[in-house]
Every structure is written in structure tokens, then in C-alpha cells.
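Below you'll find the structure, written out as C-alpha cells, and then a few comments.
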Amino acid sequence: MTDTTTTTEPQKPPTRRQRQAASFAEAASQPIGWMLLKILLLAVVDAVALYAAFVLFTHQEWVVLGLVVVVAILVNYIYFSRKRVAAKYLTPGIIFLILFQVFTLLYTGYIGFTNYGTGHNGSKDQAVSALMASAQERVEDSPTFPVTVVEQFGTLGLLVTDPEDGDVSVGTNEQPLQEVDGAEMDGDRAVAVDGWDSLSFAQVIARSSEVEKLSVDFSDDPNDGAIRTPDGQNGFLYVSTLEYDEPAGTMTDVRSGTVYSDNGTGAFTAEDGEQLLPGWQITVGFDNFVRAVTDSSIRGPLISVTIWTFAFALISVATTFFLGLLLAIVFNNTRMRFRNGYRILLILPYAFPAFLSALVWAGMMNESFGFLNQVVFGGASIPWLTDPVLAKVSVLIVNLWLGFPYMFLVCMGALQGIPEEVNEAGVMDGANPWQVFRQIKLPLLLVTVAPLLISSFAFNFNNFNLIYMLTGGGPRFTDVSIPVGHTDILISMVYKVAFTGQTRDYGLASAFTILIFIVVAAISIISFRKTKALEELN
3 MTDTTTTTEP QKPPTRRQRQ AASFAEAASQ PIGWMLLKIL LLAVVDAVAL
53 YAAFVLFTHQ EWVVLGLVVV VAILVNYIYF SRKRVAAKYL TPGIIFLILF
103 QVFTLLYTGY IGFTNYGTGH NGSKDQAVSA LMASAQERVE DSPTFPVTVV
153 EQFGTLGLLV TDPEDGDVSV GTNEQPLQEV DGAEMDGDRA VAVDGWDSLS
203 FAQVIARSSE VEKLSVDFSD DPNDGAIRTP DGQNGFLYVS TLEYDEPAGT
253 MTDVRSGTVY SDNGTGAFTA EDGEQLLPGW QITVGFDNFV RAVTDSSIRG
303 PLISVTIWTF AFALISVATT FFLGLLLAIV FNNTRMRFRN GYRILLILPY
353 AFPAFLSALV WAGMMNESFG FLNQVVFGGA SIPWLTDPVL AKVSVLIVNL
403 WLGFPYMFLV CMGALQGIPE EVNEAGVMDG ANPWQVFRQI KLPLLLVTVA
453 PLLISSFAFN FNNFNLIYML TGGGPRFTDV SIPVGHTDIL ISMVYKVAFT
503 GQTRDYGLAS AFTILIFIVV AAISIISFRK TKALEELN
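Mapped onto the numbering used here, the consecutive letters of the sequence shown carry residue numbers 3 to 540.
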């Protein structure tokens, strides 16, 4: 008997040259249109990166410049490489994640430890320049400097000719005069220089407001004064009534003799506590966090707003969940006619934008001409949005209207996922419908719904749109220093601290944001750990 069994040798893995040949063949098989599209998109990315690098270079932002260059090189390497297939899909998402999430969180955390806000939004050099410029007075015997208004990359400057020795210098609001060579002269006036565009008389007239604000330091020493021009053709020397002593770190008012010192608070401060503003941005450590809980003008409204925030979030989650669950149980009955039509009607509030619905409700609840007062209550004057208690009730009612359709959909899906055999087993054991629901269906329902309830709590804890659009946080507290009201929650209070009022305190607002994040994160972690017990029911 002949053995016809044949043995096959194990297939050897492809060599490096074979893999390269396969990759070249795959690249060659790609449509030329996709290749051109990739090159076009990379060209756009490189152009944006090049522009950003140029702007950062002119502003001497070396760290950010280095990051932009590294990212641009890395992106080009990944998309021109034939091996980094997975990275080609992950790179856009990672870049946007870092840009819009990681960077935002880190920068917010950094701002929370600074005094950044109104009067403290720049560097010390910028503050000194601004103070010196704000106190400038024209020198009576100042010579007339022939000037030409020039522009470079959107920044206006002055091309100044010294009337005594004919030297030509150019400078801007941020850069003092620097001598230049090779300027084109028209008599005793320099009218053009390489690297700058000279503005015509008509252009100067059109931009007269910008020209009048030009104040070019005469030298690196701000005490030497600055050149300013009222007409774009003749410049005059202006000297500040403030005298800056850089080694001593003081600013002296030459008229009154008051000395303002840099005592580490981010502003020049006199002995009586008076400050010269603007100041500059400094790191203050945990001062913002301490001030948030110890300052009497902030602590009072902070406690009230915090209590209302928790109450609003908890009541909103509870009411929307139980109403959504009740409606889901009702419309889950297969014997009900037209139940699909009812379901569509119930989810309509969820289909409209929340901010638009809040605006509509704000109009309906208007005390003078709102639909509720004029039609439903026969011309009554119920202060839905102006009374502290009724305003909170109104917020909860509107949020119930906006939130129950979501819970209705969630509970409807969860109930349909519970096997009918469970219900039948409970009935056979002698349980009534309430016992079946409470002891069987509800625990199984919470297995699915509990994580969503936690996310709903976090959402309502920061439900800025509803508060801002419906009540604006009002009615406002009358005895506090920050512009907050009875229906403000923490996130809307943060918005008002940062962006409303005459003084905007970004550092304090960032500190509040960090505290909110810690609270929500702690509650979420604890809640998710507690809900693990429900998994045993599954």
C-alpha cells in the first residue's frame, strides 16, 4: 500500500524587501485623487503652522513655537510614512483632544493660581508702559519730529526723523525707536524704509483713531518719554508724570511725590494701600481658593448658590426620572392604542434646542404679558421669574419639561430589555404588580439607568444654558459684591465672576471651576462605586 500523504513546509514570513515591495504596490494602487487630497490637506496644515510659527516668533513665545514646529513635523512624518497606518487615524483625534480638552484644563488650573483679571492681564513691562503712557504730557519746548506712519504685518509704527542730526528711527507701541539705515528721504523727512509699508495721507485719515493712539517710546528707558503724532506728519515728545525706578521697583508721581512700590501684589502700591492700575499678572498660590471660602462678601452667596446647585441637580434628576419612568410604564402597555403617536408627542420637548425652549418659557412666564398669567390664570400678576422662591420653582418646572423625554426614552428601552419571564415568575409566586415592580423590575432597571442618572446629575450640576436663558440667575442678591442671584448655580456664578461687571476676576473664576470639578468628580466616583452592587443583580 502506497502512502500518498504529502507534507507541506511552514510558510516563511515575508522579508523586509518583500514587505517594502508590497507597501509600494499598495501605494501605487491608491487612486491619484486621494493622494492629491492628502497633499492638499497637509499643505493647508503646514501653511497654518507656518503662519502660527511666524506670529509666535514675532511675539517671542518660544515654548509654544517649539510645540507648533514639533507637531507640524510629526504630522508630516506620519502622513507621508507608509508604515504608520494606525497613527494616521489617531493623530487628528489626539491633537484635538489635547488642544480643546487637556490644554483647556491645564490652562484653567494655571489661571486659578494667578491674579489674572481686570487690571492684571499682562506682564510687568506692559503694565509699566501702560502706566507711563496714560500719564504722558507734551513737553512744551519739544522739537518737532518729522514722522511717517508705517505698517508691518498689520501693526502701525512711526518712522521718525531726528530734526537735529537727521538720524532715522522706527518703532511701535510695543517696540521703542530703533535706528535704521537706507531710509528713503523727501527733504528732511524719511518717507519709506525696507520692511515697512508707508501709509498715504488718505490712509492716515481713515485710521486716525489708531494713529492718535500711537505712542512710541523714545528709548528703552520709559522715563525718556515717547513720540506721538496728532496728524501723522509731525511728532512731538511726551513725557510721563510718573517716574519709574527699575532697580528699586518703584513708580513715583512727580507732581505729588507719592511713591508706589512693588510689594508683590501685582501692582504698584502706595503706603496707604492705593494702587496704580493696570497691574500685572503674578502667581498667588492658593489665595483665590482661600478668598473663595473666607471672604465675607463671597462666602455668603457661595454657600447659598452651592446649596441651591445641589438641590437643583438632585430634584431635577429625581423628578425627570420618576416622570419618565411613569410614562414609560404607561406607554409600554401593548394593549394601548396609538401608543407610538403618544411616544412621538412625548419626545418633542427633547427634539427642540434647550436654549430656545428656555427662551420661550421665559416669555410665557413674563409677569406682565406672559401666556401663563394672561391666558391660563386670567390676567394674574404672578412673579414667576422675579420672586426668589417662584423663580426656583419655575426653573425646576422648565427643567422637568426639558428633561423627562430623555428619561422616558431611557426607561422605555430598559423596560423592554427586561424579559417577560421575570414578570410571569413573580406573578406565579403570588406577587402583586407593585411588588413585581418594586422588588424585581426596578432593581433590574437601575442596573441600566444608574450610570445615566449619575451623568444626568453632573449635567444638571452644570446646566448653564437653562439658568442663563430663563432667569439670568436672578433675582439678584442685593447685599453681595459679586453679581449673583437666587437662581444662580455654581457654573453661572463662575461665568458672572469672570465675564460680567466692571471687574472681571478670571483667577477667582478658575478657582471656582476647579472646586466644581473636584466636587462633581468625587460624587461621580463614589456613585459609580456604589452602583457596582447593582451589577450582581444582572
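Glycine is no exception: its CB is placed at the ideal position from the N, C-alpha and C atoms.
Residue i versus residue j: straight-line alpha-carbon distance, rounded
i      : j      : result
Asp255 : Ser383 : 58 angstroms
Ser396 : Gly509 : 32 angstroms
Ala524 : Ile100 : 23 angstroms
Gly405 : Asn467 : 13 angstroms
Val378 : Asn464 : 32 angstroms
Ser483 : Val391 : 22 angstroms
Thr8   : Val87  : Confidence at Thr8 is low in this model, with a pLDDT of 49, below 50, so the placement of that residue is unreliable and no value is reported for it.
Thr4   : Ile34  : In this prediction, Thr4 has a pLDDT of 49, which is less than 50 and means its spatial position is unreliable; what the coordinates show is noted afterwards. One C-alpha to the other measures close to 57 angstroms.
Phe324 : Ser529 : 19 angstroms
Phe270 : Thr252 : 7 angstroms
Pro303 : Pro385 : 22 angstroms
Val429 : Ile331 : 17 angstroms
Phe410 : Gly111 : 38 angstroms
Thr450 : Val57  : 51 angstroms
Asp233 : Glu214 : 8 angstroms
Limits of the unbroken beta strand (DSSP E) element including residue i
i      : result
Ala192 : Arg191 to Ala194
Gly114 : Run containing Gly114: none; DSSP gives neither H nor E here.
Phe238 : Asn236 to Ser242
Val170 : Val170 to Thr174
Val292 : No beta strand (DSSP E) holds Val292; the alpha helix (DSSP H) holding it covers Asp289 to Thr296.
Val261 : Val261 to Asp264
Three-way DSSP call (helix, strand, coil) for residue i in this model
i      : result
Val187 : Contrary to the premise, residue 187 reads as Met rather than Val in this sequence. It is a strand residue.
Ser125 : coil
Thr321 : helix
Ala228 : strand
Gly119 : strand
Ser131 : helix
Met253 : strand
Leu201 : coil
Thr163 : strand
Gly487 : strand
Thr7   : Low confidence applies here, because Thr7 scores a pLDDT of 49, under 50, leaving its location unreliable; read the following figure in that light. Three-state result, Thr7: coil.
Glu245 : strand
Thr157 : strand
Gln277 : strand
Thr271 : strand
Gln177 : coil
Thr311 : helix
Val482 : coil
Val182 : coil
Val286 : coil
Proximity winner among the options, relative to residue i (alpha-carbon distances)
i      : options                           : result
Val286 : Val57, Leu92 and Thr116           : Thr116
Phe459 : Glu276, Val319, Gly197 and Asp233 : Val319
Phe314 : Leu179, Leu492, Leu58 and Pro280  : Leu492
Arg230 : Leu160, Gly168 and Thr252         : Leu160
Thr163 : Phe220, Leu201, Gly197 and Ala132 : Phe220
Arg257 : Glu248, Asp264, Thr267 and Ser242 : Ser242
Val193 : Trp403, Phe519, Val149 and Asn290 : Val149
Gly124 : Ser144, Arg209, Met495 and Leu279 : Leu279
Ala393 : Leu447, Asn335, Met367 and Cys413 : Met367
Pro407 : Tyr470, Phe373, Gln103 and Leu328 : Leu328
Thr120 : Arg345, Gly503, Ile527 and Ile518 : Gly503
Gly281 : Tyr470, Gly475, Phe439 and Val130 : Val130
Leu76  : Val438, Phe56 and Ala51           : Ala51
Trp403 : Trp436, Phe357 and Gly381         : Phe357
Ser512 : Gly95, Thr106, Tyr53 and Val66    : Thr106
Ile527 : Glu276, Asp431 and Ser457         : Ser457
Glu248 : Gln235, Tyr262, Pro351 and Ser217 : Tyr262
N- and C-terminal bounds of the alpha helix (DSSP H) containing residue i
i      : result
Val141 : Note, Val141: premise wrong, no alpha helix (DSSP H); not H, not E.
Leu42  : Ile34 to Thr60
Gly95  : Val87 to Leu99
Pro148 : From DSSP, Pro148 is part of no alpha helix (DSSP H) but of the beta strand (DSSP E) over Phe147 to Gln154.
Ser457 : Leu444 to Phe463
Gly68  : Trp64 to Phe82
Gly476 : Looking at the DSSP string, Gly476 is not in any alpha helix (DSSP H), and its letter there is neither H nor E.
Ser211 : Ser210 to Glu214
Ignoring anything shorter than 4 residues or poking outside the segment 376 to 432, list the alpha helix (DSSP H) runs there in chain order.
Taking only runs of at least 4 residues, the alpha helix (DSSP H) segments lying wholly in the segment 376 to 432 are 390 to 418 and 422 to 430.
Requested in this report: Report the residue ranges of all alpha helix (DSSP H) runs contained in full by the segment 492 to 538; include only those spanning at least 4 residues, in chain order.
Outcome: 492 to 501 and 508 to 533
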